[in-house]
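All residue numbers for the sequence shown refer to full-length UniProt numbering, where the first residue is 1 and numbers rise by one.
Beta carbons: idealized from backbone N, C-alpha and C, even for Gly.
As structure tokens, the structure follows; a few thoughts come after it.
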Amino acid sequence: MAGTPIRVAIIGNGLASVCVAKGLKDNPRFQVDIFEGSDGSWVQGQAFGLGSNAQRALDLLNPELRKALDAAGGTVLPRSAKIGTGPDAGEFIAYLDNTSPQIVVGRGVFQREINKTIPGIPITTNAKVAKVEPGTSVGSPATVHFEDGKALEFDAVIGGDGLNSVVRAAVLGADNPATKPRGMGGFNMRIVVPLEKGIEAFGKEHCEEDIQTGWVGDGGFLLTDKLDNGQSMQVIAGWKERPSTGTGWPYEEPFHEWSKDEVAEDLRGWGNIGKGMAKLFAEQEKLYAAAARSHIGTTTYSKGNVCTIGDAAESFAPARGAGAGQAIEDALLLQAVLNQVESKADLPKAMTVYDRIRRPRRSEVARQSNEAGLLLCGRSDAGVDKEMLKKKFENWNAFIYEYDLEGMVQEGLKAMQ
1 MAGTPIRVAI
11 IGNGLASVCV
21 AKGLKDNPRF
31 QVDIFEGSDG
41 SWVQGQAFGL
51 GSNAQRALDL
61 LNPELRKALD
71 AAGGTVLPRS
81 AKIGTGPDAG
91 EFIAYLDNTS
101 PQIVVGRGVF
111 QREINKTIPG
121 IPITTNAKVA
131 KVEPGTSVGS
141 PATVHFEDGK
151 ALEFDAVIGG
161 DGLNSVVRAA
171 VLGADNPATK
181 PRGMGGFNMR
191 IVVPLEKGIE
201 AFGKEHCEED
211 IQTGWVGDGG
221 FLLTDKLDNG
231 QSMQVIAGWK
241 ERPSTGTGWP
251 YEEPFHEWSK
261 DEVAEDLRGW
271 GNIGKGMAKL
281 FAEQEKLYAA
291 AARSHIGTTT
301 YSKGNVCTIG
311 DAAESFAPAR
321 GAGAGQAIED
331 ALLLQAVLNQ
341 VESKADLPKA
351 MTVYDRIRRP
361 RRSEVARQSN
371 EAGLLLCGRS
381 DAGVDKEMLK
391 KKFENWNAFI
401 YEYDLEGMVQ
411 EGLKAMQ
């Protein structure tokens with residue numbers, strides 16, 4: 001095997017992709033290449049939170065990945081919920097952490113830090129993939145077709161290419177209705193501003209508190225938190241239905257520039273937090289909104305020597321803050337079973353084991369996340385009733401945080417024997 005390494009193409013240079021690459025990096029049986037469709041600049045944008053499960057998964061993968069979280073300015077933030085609209089507006093509902101608090105980090109800066117942990121693994125940028133063809137028989141290569149007309153063969157292809165995954169089409173079928181994400185009706189807008197700007201908008205008392213706060217309202221959900229070691233603030237406004245019109249996402253395309261006057265009108269009934277957000281949104285040169293989209297009806301994450309991870313495997317609403325953590329969990333298991341592979345002929349088995357173990361877990365997180373989206377926007381049976389919401393938030397995300405990661409890996413290793 002020394003002269004014939006197993007060639008692995010990872011499509012997409014996101015969080016899950018780098019975690020898999022890190023797990024395979026020191027195995028001499030593998031030759032790994034990453035292909036990223038963008039220019040790879042990873043400009044600082046939105047932030048995400050990593051719960052205790054995600055933090056443990058990074059450590060289990062490689063302590064260097066966990067250290068990268070701190071190097072990227074990850075900020076420890078407990079989570080809380082308040083009422084956003086109605087007679088109880090501003091009232092505290094509950095703290096949402098039942099284990100160690102989450103760490104919030106900027107997506108771009110974290111990506112740059114974890115990329116530093118895989119020296120020697122080529123990352124080709126501006127490599128847009130047009131199509132992937134799985135191998136036609138055991139041991140035969142998969143073919144990656146690029147938009148520039150080039151085609152390359154690999155023994156395995158891993159799709160970490162996100163919500164609009166090309167690799168997902170190879171796994172499920174290009175004509176399968178489940179391949180493409182569906183609009184869920186709602187939408188959100190999010191910005192990151194210097195903490196000083198947050199203080200101007202929300203006041204010093206709110207901004208000095210190191211906590212992530214979400215406001216549950218009639219048809220919408222607002223959130224503020226910190227990143228960059230507490231020096232920046234993320235501001236999010238999400239809607240199931242716009243308060244001013246009662247309508248959801250009005251456009252065919254998934255991203256669209258949004259009127260600052262319209263968002264100010266929608267935030268009018270949200271008290272001081274709404275006024276502060278309207279001020280910050282108005283100060284942006286341009287404001288953009290994104291439609292809420294999820295994958296529905298995913299039946300498998302693998303086909304032969306091709307598989308999907310992260311959002312490419314199955315995307316869902318961000319309501320539980322679980323997307324990044326599930327991507328890391330995917331990577332933890334996938335690299336574990338792939339490291340048991342002795343030859344190209346073993347690859348389909350490894351990917352089948354990965355699918356069998358990960359899909360029930362990720363699909364359940366997806367189901368409960370999509371349901372939580374309705375809860376946070378005041379569209380569950382609790383509405384915006386403080387006491388009913390308090391009961392809904394009991395043991396929030398416990399099933400996510402307390403998952404047995406070591407047991408998952410051991411199950412995968414046993415199945416590969």
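Between the CA atoms of residue j and residue i - distance to the nearest angstrom
i, j, result
"L50", "G198", "23 angstroms"
"Q417", "L332", "18 angstroms"
"A398", "G160", "26 angstroms"
"K226", "A142", "43 angstroms"
"G274", "S244", "14 angstroms"
"A71", "I123", "21 angstroms"
"Y301", "E283", "42 angstroms"
"N176", "H206", "47 angstroms"
"Q326", "G310", "7 angstroms"
"A57", "D355", "18 angstroms"
"S17", "S165", "13 angstroms"
"E36", "E113", "16 angstroms"
"E64", "G74", "14 angstroms"
"M184", "H256", "16 angstroms"
"Q111", "F146", "24 angstroms"
"N13", "R361", "23 angstroms"
"R168", "R182", "14 angstroms"
"L24", "Q212", "35 angstroms"
Contact check, residue i vs residue j, beta carbons under 8 angstroms
i, j, result
"V138", "P348", "yes"
"A89", "K390", "no"
"L195", "S232", "yes"
"G106", "W215", "no"
"M189", "V104", "no"
"G217", "G383", "no"
"C307", "I121", "no"
"G186", "A292", "yes"
"N339", "N62", "no"
Endpoints, the beta strand (DSSP E) within which residue i is located
i, result
"F187", "182–194"
"F92", "92–95"
"R79", "79–83"
Host alpha helix (DSSP H) of residue i (start-end)
i, result
"C207", "204–208"
"Q340", "No alpha helix (DSSP H) contains Q340, which DSSP labels as neither H nor E."
"L61", "52–61"
"K392", "386–392"
"V138", "Taken as a continuous stretch (DSSP letters only), V138 belongs to no alpha helix (DSSP H), as it is neither H nor E."
Residue i beta carbon near the ligand PLP (any heavy atom closer than 7 angstroms)
i, result
"I93", "Absence of the ligand PLP from the depicted structure is noted, as is the absence of any ligand whatsoever, leaving it without description."
Bridge partners - residue i, DSSP secondary structure assignment
i, result
"L227", "S232"
"Y288", "E257"
"R7", "Q31"
"G156", "The sequence given here has Ala at residue 156, not Gly. Bridge partners of A156: V8."
"residue 464", "Limits of the chain in this structure are 1 at one end and 417 at the other, which puts residue 464 out of reach."
"H145", "K131, A151"
"L222", "W215, A237"
"F110", "F110 pairs with nothing; no bridge assigned."
Please give me, in chain order, every unbroken run of the alpha helix (DSSP H) with length at least 4 that falls completely inside the region 341–413. 347–376, 386–392, 398–401
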